[in-house]
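Residue numbers (the numbering used here): 53 to 361.
Built from N, CA and C at the ideal position, the CB exists for glycine as well.
Below is one structure, written out as structure tokens; the observations come after it.
This is the structure in structure tokens:
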């Protein structure tokens, strides 16, 4: 029966096709051998219903053409830290959204291109999942973390995610996501440095630090991204998309240790900091510079600037 590969969940139609009768279904439910998850959807075991079976149950209750999406798809691709209590699905726009407790439904006109061709249960592609999460995220760093995880694990590529993002009519953080994806493919580090130079330093009237300043590390020379010489302050810019890799963490540690031995303070920023919180970044840099003796006066980048004076 189909339930064997659906975490023990089967629809009434599937059960009848497999040889059950209406009478046998009623008998199994009345005896507690099967459980009704939703009208027309059964769990073919007694006892507690595990999370995968609950997800399958809601997906089948959503009806023909439904596919897991958003946070539910992220859980399937292991891109979410913990599964969402609700199940999110996409269904064809031609269908009416079913009313099922714990089910979030998005009606979609062009659904087929978003669906992975072979995965079971039906789920949106990695690229579509990343962009769906980006559309509902409240913070840029959440978007970059998910995109970075998917790319670093080679579940997808920056180009595929960028293409999917480009197809969406509405997408929050579109500009920032596309910029980070493009930089991940062609010179992430230099791109982030340019945004720091123009969006943080120049925009806020800070002194311009020395770029790629050499220093002596445990294994030879290391290079610091921005060295505010004379003020004992270093800024390291992490242009990697999403979370750091092991080799990258070792390089960071070596640079930070070299700075500590030289009695210098290191501030570390990534894409989401420089793009979405540049005024806050400037505030931290000002504090570090003043501790090192800087007596200059920063300026606000705009009327909406949130930099602390």
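| Check | Outcome |
| --- | --- |
| Return the chain-ordered list of same chain residues with a C-beta closer than 6 Å to the C-beta of residue 257, the five sequence neighbours on each side being excluded. | 350 and 351 |
| Taking the alpha-carbon positions, what's the residue 70 to residue 143 distance? | 26 Å |
| When the Cα of residue 292 is compared with those of 358, 210 and 127, which residue comes out closest? | 210 |
| Based on Cα-Cα distance, which residue from 267, 232 and 289 lies nearest to residue 249? | 289 |
| Short of 6 Å in beta carbon distance, which residues of its chain neighbour residue 320, apart from the five on each side in sequence? Order them along the chain. | 288 |
| Return the residue from the list 127, 82 and 170 that minimises the CA-CA distance to residue 182. | 127 |
| Closer than 8 Å is the cut-off here; do at least three beta carbon pairs connect the region 208-226 with the region 180-198? | yes |
| Which residue or residues does DSSP assign as beta-bridge partners of residue 176? | 167 |
| Go through the region 244-283 residue by residue and report every complete run of the beta strand (DSSP E) that reaches 3 residues or more, in order. | 262-269 and 272-280 |
| Which residue or residues does DSSP assign as beta-bridge partners of residue 143? | 159 |
| Helix, strand or coil, according to DSSP, for residue 151 in the structure here? | coil |
| Helix, strand or coil for residue 58 per DSSP? | coil |
| Do the CB positions of residue 117 and residue 89 come within less than 7 Å of each other? | no |
| Going along the chain, which unbroken runs of the beta strand (DSSP E) with 3 or more residues stay wholly within the region 80-126? | 87-90 and 93-95 |
| By the DSSP assignment, the beta strand (DSSP E) with residue 285 in it spans what residues? | 285-290 |
| Only counting the same chain, and skipping five residues up and downstream in sequence, which positions put a Cβ closer than 6 Å to that of residue 324? | 192, 193 and 196 |
| Give the single residue among 329, 62, 105 and 65 whose Cα lies nearest to the Cα of residue 247. | 329 |
| Would you call the region 147-156 and the region 166-183 touching, i.e. three or more CB-CB distances under 8 Å? | no |
| Tell me the DSSP bridge mates of residue 319? | 287 |
| In chain order, what residues of the same chain have a beta carbon less than 7 Å from the beta carbon of residue 131, not counting five sequence neighbours either side? | 181, 198, 201 and 202 |
| Per DSSP, what kind of secondary structure is residue 181 in: helix, strand or coil? | helix |
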